[in-house]
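Asks: According to my numbering, the sequence shown is numbered sequentially starting from 150. Below: one structure in C-alpha cells.
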Amino acid sequence: MGTNRAELSGGCFGLCRNVDVVPNGRCSGIGCCQTSIPDRLLYYNTTLHSLTRHSDVWHFNECGYCFLVEEGRFEFGGAAHLSTSYLDFAKRIESTMPVVVDWVIAPSESCATEVNSCKGNSSCYDVDGGGYRCKCNSGYEGNPYLDPGCQDIDECNDLGTNPCYGVCINTLGSYNCTCLPGSFGDANILNGCQHVGAKDSKHLMASIIIGNSFMHILICLCSLLHYVHHIAFNKHVLSLKLTT
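So, in C-alpha cells, the structure goes:
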C-alpha cells in the first residue's frame, strides 16, 4: 500500500483446521481474517499465502481469497463460504460487495482557489488532507462537475418522498404545498386541511359556548343583586318598625 508520502504495510493471520469450529457471521481469525487500511491510498497490492498449501484443509477449502471491500459490509458465511467454489464466491463478492473509492479534485488545491470547477447549482467543500469535492445544492440533482451542472428536482413528481395532500407547486430548489381553495390547514400531512365551513362551525360552536357562559354569569349576577337588594329592603323595613 502506498500514499503520495510513504509506503505502508499491513496484514492479518487466520487459522482453520476443522470446518466445525469456523464461526458463522464473524471474520475473527478462524477461517477468515481482516484488516483495515488507511485512507488517501494511491495504490495497493495484496498477497495471500498458506503455510501448508491448503493440504490440511483441502477436503473442505480448496482456495483462499483476498479482496478489498467497504468496511463493515462483508459478513462471513462460515463453512458455507469456505466450501463454495471459486467462481461462485467471486461472483457473489463482485455483485454484492461495494468498494469505496476515496477521491478528490486537485489534491493540492482548495475551494478558495478552485471553486469555479463546481458547476451550476452546486457548492464546493474542502476535504481533510487536501483537495475538494463538489455537491449539488439542496433540491437539485445531477453531476456538479459537468455543464450545465445540477438540475432542479421536481418534488411534485415524487410525492412518495415529498407528500402533499393539497396543491403542489414546484419551485427552484424546493416546492410549495398548500390546501385546496376553500380549505385551510397544513397540506403536508394527511387530513391536515379542513373546509372553511368546518372552521366557521367551530367558531359558531365556540361563540355559543362563550355566549352561554356569559348568560350564566349574568343570570347569577342578577340573582345575587336581587338577593342583596331584598335583604337590604327587609333591613330597612325592620328598622322603621323599631323606631315607631
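Don't be surprised by glycine CBs; every beta carbon is placed ideally from N, CA and C.
Let me confirm a value: L231 is counted as buried when at least 16 other C-beta atoms fall within 10 Å, else exposed. Which label applies?
Replies: Looking up residue 231 in the sequence shown gives position 82. L231 should be labelled buried.
Asks: Secondary structure at I186, three-state DSSP: helix, strand or coil?
Replies: Taking the sequence shown and counting its residues from 1, the one referred to as residue 186 is at position 37. Of the three classes helix, strand and coil, the one that applies to I186 here is coil, per DSSP.
Asks: Over the uninterrupted beta strand (DSSP E) stretch that includes H344, give me the two end residues.
Replies: Taking the first residue of the sequence shown as 1, we reach residue 344 at position 195. Note, H344: beta strand (DSSP E), 342 to 344.
Asks: Where do the N-terminal and C-terminal ends of the alpha helix (DSSP H) with R241 fall, by residue?
Replies: Indexing the sequence shown from 1 puts residue 241 at position 92. Looking at the DSSP string, the run of the alpha helix (DSSP H) that includes R241 is 235 to 245.
Asks: Please name the residue, chosen from D237, N337, P297, that lies closest to V316 on a Cα-to-Cα basis.
Replies: One-based indexing of the sequence shown puts residue 316 at position 167. Here the closest residue by C-alpha is N337.
Asks: In the DSSP assignment, find the unbroken beta strand (DSSP E) run with Y193 in it and report its ends.
Replies: Translated into positions along the sequence shown, residue 193 becomes position 44. Looking at the DSSP string, Y193 is not in any beta strand (DSSP E), and its letter there is neither H nor E.
Asks: Let me check one thing: in DSSP terms, what residues is K284 bridge-paired to?
Replies: Stepping through the sequence shown from its first residue, residue 284 is reached at position 135. Looking at the DSSP assignment, K284 forms a beta bridge with S272.
Asks: Flag this pair as touching only if the stretch 196 to 211 and the stretch 238 to 248 have three or more C-beta atom pairs under 8 Å; answer yes or no.
Replies: No: the two stretches stay apart, fewer than three of their Cβ pairs being nearer than 8 Å.
Asks: Look up T327 in the DSSP assignment and give the residues it is bridged to.
Replies: For the purposes of this step, residue 327 is taken as the residue at position 178 of the sequence shown. Per DSSP, V316.
Asks: For G226, report the span of its beta strand (DSSP E) as first-last.
Replies: The sequence position of residue 226 within the sequence shown is 77, counting from 1. Per DSSP, G226 belongs to no beta strand (DSSP E) and is neither H nor E.
Asks: By Cβ distance, which residues of its chain are closer than 6 Å to V249, with the 5 residues on each side in sequence left out?
Replies: Stepping through the sequence shown from its first residue, residue 249 is reached at position 100. Once the five neighbours on either side are set aside, the close Cβ partners of V249 are E219.
Asks: Between the stretch 319 to 327 and the stretch 277 to 288, are three or more C-beta pairs nearer than 8 Å?
Replies: The stretch 319 to 327 vs the stretch 277 to 288: in contact.
Asks: Would DSSP call S177 helix, strand or coil?
Replies: For the purposes of this step, residue 177 is taken as residue 28 along the sequence shown, with counting starting at 1. Residue state, collapsed to three classes: coil.
Asks: Between the alpha carbons of L164 and F216, how many angstroms are there, rounded?
Replies: Position 15 of the sequence shown, counting from 1, holds the residue named residue 164. Position 67 of the sequence shown, counting from 1, holds the residue named residue 216. Roughly 18 Å between the two C-alpha positions.
Asks: Quick check: what's the CA-CA separation for R166 versus P256?
Replies: Within the sequence shown, the letter at position 17 stands for residue 166. Within the sequence shown, the letter at position 107 stands for residue 256. Spanning the two alpha carbons is a distance of roughly 47 Å.
Asks: Taking DSSP as the reference, what is the three-state secondary structure of E220?
Replies: Taking the first residue of the sequence shown as 1, we reach residue 220 at position 71. Three-state result, E220: coil.
Asks: Compute the Euclidean distance between the alpha carbons of C212 and S185, then round it to the nearest angstrom.
Replies: Looking up residue 212 in the sequence shown gives position 63. Looking up residue 185 in the sequence shown gives position 36. C-alpha separation (whole angstroms): 22 Å.
Asks: In this structure, how does DSSP classify M164 when only helix, strand and coil are distinguished?
Replies: As a working note, residue 164 is residue 15 in the sequence shown. Before going further, note that residue 164 is Leu rather than Met in the sequence given. Residue state, collapsed to three classes: strand.
Asks: What is the rounded straight-line gap between the Cα of F363 and the Cα of V345?
Replies: Within the sequence shown, the letter at position 214 stands for residue 363. Within the sequence shown, the letter at position 196 stands for residue 345. Model confidence at F363 stands at a pLDDT of 45, short of 50, so the residue's coordinates are unreliable; what they give is reported in the following sentence. Between F363 and V345, the C-alpha separation is close to 27 Å.
Asks: Which word fits H365, buried or exposed, when buried means at least 16 other C-beta atoms lie within 10 angstroms of its C-beta?
Replies: If you number the sequence shown from 1, residue 365 lands on position 216. Residue confidence is low: H365 scores 49 on pLDDT, short of 50, so the model does not pin down where it sits. No coordinate-derived value is stated.
Asks: Could you tell me if L367 is buried or exposed, where buried requires 16 or more neighbouring beta carbons within 10 angstroms of its beta carbon?
Replies: Locating residue 367 in the sequence shown gives position 218, counting from the first residue. With a pLDDT of 46 at L367, under the threshold of 50, the predicted position of this residue should be treated as unreliable, though the coordinate-derived value follows. It is exposed - the Cβ of L367 has fewer than 16 other Cβ atoms within 10 Å.
Asks: Which partner residues of F333 appear in the DSSP bridge assignment?
Replies: Position 184 of the sequence shown, counted from the start, is the residue given in the question as residue 333. DSSP, once it has assigned bridges, lists Q343 as partnering F333.
Asks: Going by DSSP in three states, E211 sits in which element: helix, strand or coil?
Replies: On the sequence shown, position 62 is the one that residue 211 refers to. Looking at E211 - three-state DSSP - the assignment turns out to be coil, as it is neither helix nor strand.
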